[in-house]
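Q:
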Ligand code: PMP
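In my numbering, the protein residues as written are 183 to 631.
1) Along the chain, where does the alpha helix (DSSP H) containing residue 651 start, and where does it finish?
2) Grab me the residues of residue 294's own chain with a C-beta within less than 6 Å of its C-beta, minus the 5 sequence neighbours each way, in chain order.
3) Distance cutoff 8 Å, beta carbons only. Does residue 245 sit that close to anything in chain D?
4) Alpha carbon to alpha carbon, how far is residue 248 from residue 548? Give it in angstroms, no decimals.
5) Roughly how many angstroms lie between the CA atoms of residue 267 and residue 529, to the nearest whole one?
6) Are there any heavy atoms of the ligand PMP lying less than 7 Å away from the beta-carbon of residue 254, as far as the coordinates show?
7) Can you list the beta strand (DSSP E) stretches of 3 or more residues lying completely in the region 187 to 267, in chain order?
8) Between 270, 306, 199 and 215, which lies nearest to residue 487 when the distance is taken from Cα to Cα?
9) Classify residue 183 as helix, strand or coil using the three-state DSSP reduction.
10) Verify whether the separation of the beta carbon atoms of residue 378 and residue 403 is less than 8 Å.
11) With burial defined as no fewer than 16 other Cβ atoms inside 10 Å of the residue's Cβ, what is the status of residue 491: buried or exposed?
12) Anyone know if the C-beta pair for residue 551 and residue 250 falls short of 8 Å?
13) Going by C-alpha to C-alpha distance, which of 336, 611, 495 and 506 sits closest to residue 438?
14) CB residue 485 to CB residue 457, shorter than 8 Å?
15) Could you pull out every residue in the same chain whose Cβ sits closer than 8 Å to the Cβ of residue 217, ignoring the five residues on either side in sequence?
16) Express the C-alpha separation of residue 413 and residue 392 in angstroms, rounding to a whole number.
17) Using a Cβ-Cβ cut-off of 7 Å (strictly less than) and excluding sequence neighbours within five positions of residue 618, which residues of its own chain qualify?
18) How about residue 555: is its Cβ closer than 7 Å to a heavy atom in the ligand PMP?
19) Cα-Cα, which of 559, 535 and 607 is closest to residue 521?
20) Which runs of the alpha helix (DSSP H), 4 residues or longer, sit entirely within the region 486 to 560?
21) List the whole-angstrom C-beta distance separating residue 262 from residue 244, where the pair is believed to meet the contact cut-off of C-beta under 8 Å.
22) How close, in whole Å, do the beta carbons of residue 201 and residue 242 come, if the pair is a contact with beta carbons under 8 Å?
23) Which value, in whole angstroms, describes the spacing of the CA atoms of residue 474 and residue 389?
24) Keeping to the same chain, check which residues put their C-beta closer than 6 Å to that of residue 321; ignore five residues upstream and five downstream.
25) With the cut-off set at 8 Å, would you say residue 463 and residue 477 are in Cβ contact?
26) Find out if the Cβ-Cβ distance for the pair residue 560, residue 621 is shorter than 8 Å.
27) Would you mind reading off the limits of the beta strand (DSSP E) that contains residue 437?
28) What is the DSSP secondary structure of residue 582, reduced to helix, strand or coil?
29) Classify residue 475 as helix, strand or coil using the three-state DSSP reduction.
30) For my contact list, residue 311 and residue 557 are in at a C-beta cut-off of 8 Å; report their separation, rounded to the angstrom.
31) With a threshold of 7 Å (Cβ to nearest heavy atom), would residue 410 be considered close to the ligand PMP?
32) Comparing alpha-carbon positions, which option in 510, 588 and 625 lies nearest residue 275?
33) So what does DSSP say about residue 368, is it helix, strand or coil?
34) Considering just the uninterrupted stretch of the alpha helix (DSSP H) at residue 319, what are its terminal residues?
35) Any heavy atom of the ligand PMP closer than 7 Å to the CB of residue 337?
36) On the DSSP bridge list, what partners appear for residue 599?
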């Protein structure tokens, strides 16, 4: 099938998914669990995609979908952005990776340090997980302290210390004002849990007490300005100001995980929130769809990575770090991303949130919407949640969410497993209207069931 025919693919509600089913069967024989990425696994089977163009995806059975997930917020220009493809094709001819640095990494670092004036320097790696991991290693090296603090329910990738309290549940989460540290993967070391301090997001007094008790052992406080798993509710400015002041006073490194929230403005989430973080972790949109991660900050916080005078405090290598394809993809993506795009994201995001909220009200559907800028999330509860515990879905609610997401897929709309959606630059109000209609139909079906 050719990319230009993408408009002609099947958009009907009852889709033929036979080839996806077949691939999942084949996958189950040779890939543990059937497919190799937890986030995209779903019951009864994942949808296998064949190609994408603009705002659309086409699966292996030829069904077309509106992509409101964009590889989990990564593809800021949607699929097949021409300048990105051209730059990648050119780089393919020159070489995909070398055992030496390239001009591209210098060019990309210059671009990013120009764009986020608060940064002096950057280092590149291959994923958001790695980026967050290195900010933590740097914070430990800078402070000589072992512990980190994070917000309850905060997702920061697949590194043990940041997975603590990622999926705390009523049975183990303890009191609201003093959340328990809970392990995520089975067998997680007790020492990892003990070295991770869990804060109740936006609860200033309780957080101050918790931080006071461990401040002399704390290397870092790790935050996300718009924590997705905690409801996609923005961090409160007073709470943020408190964290900034407390960490600065006690020599604790304040880390902003911008893996997703870099999407919040032309100069990132920290600029939108007016935060002077000590270190930032990036990924996702930065690579234009190719694997990437980055750490940025003022020079003195980046010092642990400096190898010019011998072994650095934090050795950071990685066979594919700053690989030319990811650098080229990142440069092309950022060069096509203007301040006007972010103004439009704010307007379209607001349009999407208010259209959904109004539709839920008119249809008397007990659902709500949260989010900011180009990101939003649908909750199966009448009042928008304000924190992780309110956003927490019981197994029964998760099952209902899964049904809603499947019904949306059948109507040709792709969203995340937590019903998070995001915009891409080729999107218009027409695409949002189409999505709202599909959400209405899917929700009505769910309520009827
Ligand atoms: N931090 C945040 C806030 C994220 O949303 C993610 C990924 N969804 C990560 C870190 C990890 O990034 P990656 O999947 O690239 O390892």
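Note that the Cβ used here is the ideal one computed from N, Cα and C, for glycine as well.
A: According to the structure shown:
1) Here the chain comprises residues numbered 183 to 631, so residue 651 is not present and cannot be evaluated.
2) 304
3) Chain labels in this structure do not include chain D; a single protein chain is all it has.
4) 25 Å
5) 28 Å
6) yes
7) 231 to 235, 238 to 241 and 246 to 249
8) 306
9) Its pLDDT being 38, under 50, residue 183 is placed unreliably in this model, and the value from its coordinates should be taken loosely. Coil, per DSSP.
10) no
11) exposed
12) no
13) 336
14) no
15) 206, 209, 223 and 228
16) 22 Å
17) 537, 538 and 541
18) no
19) 607
20) 506 to 517 and 521 to 544
21) No, residue 262 and residue 244 are not in contact; Cβ-Cβ is about 18 Å, not under 8 Å.
22) 4 Å
23) 33 Å
24) 401, 402 and 435
25) yes
26) yes
27) 435 to 439
28) helix
29) strand
30) Actually they do not touch by this definition, with Cβ atoms about 20 Å apart.
31) yes
32) 510
33) coil
34) 310 to 325
35) yes
36) Partner(s): none; residue 599 has no beta bridge.
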